[in-house]
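In what follows, a single structure is set out as structure tokens and then discussed.
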Amino acid sequence: MSLAQAVPNSVPTRIDLDHRLAPNMKPRSTVQTISEADSFWFGSFDVGDSKNLTLLIDTGSSDVIVNPGLYKRGPQSVDTHSTFTNTYGTTESDGSGTGTVTGTLYNDTVKFGAVIAHQTIGSAQPGADGEVLIPADGIVGFAGLEVSSFHGAPPFFHSLCDQGQVFPCRFGITLEENGKGNLFLGALDQSVFKGELRTTSIIQEWALYADIALDGKIIKKDALVELDTGTATVIGPVDDVIAIFKAASIQYVVKTSEDSGTSVTGYFPCDRPPTLGLSIPSQSNVTAATRLKSRLVSHQSSIFNIAPDQWISADNGNNNCTAILSGTDAFPIPDLWVVGQRKAPSG
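For what it's worth, full-length UniProt numbering labels the leading residue of the sequence shown as 1, then goes sequentially.
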């Protein structure tokens, strides 16, 4: 899920290709299995004395929140006497929905496999009608401090790095067939991908720039993209999405409401999905990296297309399908693209 409120007010127009020199530390990493349910991805965490909590792994937010009644304070727990309010977007598996979670902040331990961090966590309160917004037992965000709502407290992954639990300070996620996957902390497993690895800059630990390609040709440069494991669809600005639908001969419907603003939904023949993807790094990044002779960003881009069998958000019958791509003007940053993922096809 994406945080609908706690997002940077602006993004840099230039991308920093420098990086901080790493301290003299020995590599420390761990790999843990994750699983899919209802198009979201989950892992098993211990929070305080609450064991084996199934938490949604979300790269679109930063905070650790445990659902109402599930948090048991551990021996190192400290009540901060502070509260939190997090407003999330893309709360439904189809990419729609928003909601707010409130609760109390504690300092406690969060354990994931072999690593453990002393961490600020949120114990959520039930909604006005007793409803619970976050699926399963709660959520753990892997985005940066810029999108945290915990009053400046370090996010979980920051804590792991700062406390020497993970080095190098990086993580990766692989999503496999049959709803299984892995979350890599610190490690780079060369066996999980083929070909040359493409690297790019990230913006405020939260987003990146990519070019959008239709049928292998770049149609939009330097799109601001959030890669969000807490979203199961692809959502872009209304005007950009309409332009793509027109270019791909996809029928679309535009709706406007006071609550959710303007949205656009596309419909296409199920047996003829378009070929749309992200070119990473963006050509602007490639040009800058080449000029500066940076080894941190690839000097060549690759287009990562949406797989044809992933284009179908819903099968409406009679060879008519709802597209996985939709448009909205409801994001706090108007030009933002949120790119999620579907469950990997089996077989």
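Note that beta-carbon positions come from the ideal geometry of N, C-alpha and C, so glycine has one too.
- Query: Do you know how far the Cα of Q163 is from the Cα of Q341?
  - Reply: Translated into the one-based positions of the sequence shown, residue 341 becomes position 341. Translated into the one-based positions of the sequence shown, residue 163 becomes position 163. When only Cα atoms are considered, Q341 and Q163 end up about 31 Å apart.
- Mark V338 as exposed unless 16 or more other C-beta atoms lie within 10 angstroms of its C-beta, in which case mark it buried. Taking the first residue of the sequence shown as position 1, residue 338 is located at position 338. Buried, by the Cβ-count rule.
- Message: On the DSSP bridge list, what partners appear for G172?
- Response: Locating residue 172 in the sequence shown gives position 172, counting from the first residue. Bridge partners of G172: F184.
- Nearest neighbour of T200, chosen from Q119, A128, S302 [CA to CA]: In the sequence shown, residue 200 corresponds to position 200, counting from 1. Minimum Cα distance to T200 is reached at S302.
- If you check the beta carbons only, do G141 and V64 fall under 9 Å apart? For the purposes of this step, residue 141 is identified with residue 141 of the sequence shown, where counting begins at 1. For the purposes of this step, residue 64 is identified with residue 64 of the sequence shown, where counting begins at 1. Contact check for G141 against V64 passes: the beta carbons are separated by less than 9 Å.
- Query: Is L292 buried or exposed, if buried means 16 or more other CB atoms sit within 10 Å of its CB?
  - Reply: Taking the sequence shown and counting its residues from 1, one reaches residue 292 at position 292. That one is exposed.
- So what's T321 in DSSP terms, helix, strand or just coil? Mapped onto the sequence shown, residue 321 falls at position 321. Here the sequence assigns Cys to residue 321, which means Thr is not the residue at that position. Collapsing the DSSP output to three states places C321 in a strand.
- Task: Output yes or no for whether 9 Å exceeds the beta carbon distance between V253 and T262.
- Result: Counted from its first residue, the sequence shown places residue 253 at position 253. Counted from its first residue, the sequence shown places residue 262 at position 262. Against a cut-off of 9 Å, the Cβ pair of T262 and V253 comes out as no contact.
- Go through its chain and collect everything with a Cβ distance to L336's Cβ below 7 Å, but skip five positions before and after it. Within the sequence shown, numbered from 1, the residue matching residue 336 stands at position 336. The beta carbon of L336 sits closer than 7 Å to those of L224, E226, all from its chain and outside the five residues before and after it, given in chain order.
- Task: Assign L197 to one of three DSSP states: helix, strand, or coil.
- Result: Here residue 197 is taken as the residue at index 197 of the sequence shown, counted from 1. In this structure, L197 counts as coil in the three-state DSSP scheme.
- Item | Residues near G43 by beta carbon distance below 7 Å, same chain, minus five either side | Within the sequence shown, residue 43 is the residue found at index 43, counting from 1. Q32, I34, L55, I57, F112, L183.
- Count the other C-beta atoms from every protein chain shown that fall within 10 angstroms of the C-beta of R45, then say buried if there are 16 or more, exposed otherwise. Looking up residue 45 in the sequence shown gives position 45. Here residue 45 is Phe; the residue named in the question, Arg, does not match the sequence. Classified as buried, F45 has 16 or more neighbouring CB atoms from the shown chains inside 10 Å of its CB.
- Query: Taking the alpha-carbon positions, what's the residue 353 to V166 distance?
  - Reply: Limits of the chain in this structure are 1 at one end and 347 at the other, which puts residue 353 out of reach.
- Task: Excluding the 5 residues preceding and the 5 following G130 in the sequence, name in chain order all residues of the same chain whose CB lies nearer than 7 Å to its CB.
- Result: Mapped onto the sequence shown, residue 130 falls at position 130. So no residue of the chain qualifies.
- Would you mind giving the Cβ-Cβ distance between A210 and S149, rounded to the nearest angstrom? I have them listed as a contact below 8 Å. Indexing the sequence shown from 1 puts residue 210 at position 210. Indexing the sequence shown from 1 puts residue 149 at position 149. A Cβ-Cβ distance of about 27 Å is found for the pair A210 and S149, leaving them out of contact under the 8 Å criterion.
- Every unbroken alpha helix (DSSP H) within the segment 263–310, with a cutoff of 4 residues, ordered by chain: Fully enclosed alpha helix (DSSP H) runs of 4 or longer: 283–292.
- Cβ distance (whole Å) where T120 is taken to contact A153 below 8 Å: For this step, residue 120 is matched to residue 120 along the sequence shown. For this step, residue 153 is matched to residue 153 along the sequence shown. Taking C-beta atoms under 8 Å as the contact rule, T120 and A153 qualify, at a distance of about 4 Å.
- Could you tell me the boundaries of the beta strand (DSSP E) in which F150 lies? As a first step, residue 150 must be located in the sequence shown, where it is residue number 150. Per DSSP, F150 belongs to no beta strand (DSSP E) and is neither H nor E.
- Task: Evaluate contact between the segment 268–288 and the segment 245–260, counting only Cβ atoms and requiring at least three cross-stretch pairs below 8 Å.
- Result: A contact between stretches requires three or more CB pairs, one per stretch, nearer than 8 Å, and the segment 268–288 meets this requirement with the segment 245–260.
- Message: I need the DSSP call for I244, collapsed to helix, strand or coil.
- Response: Translated into the one-based positions of the sequence shown, residue 244 becomes position 244. Correct three-state label for I244: helix.
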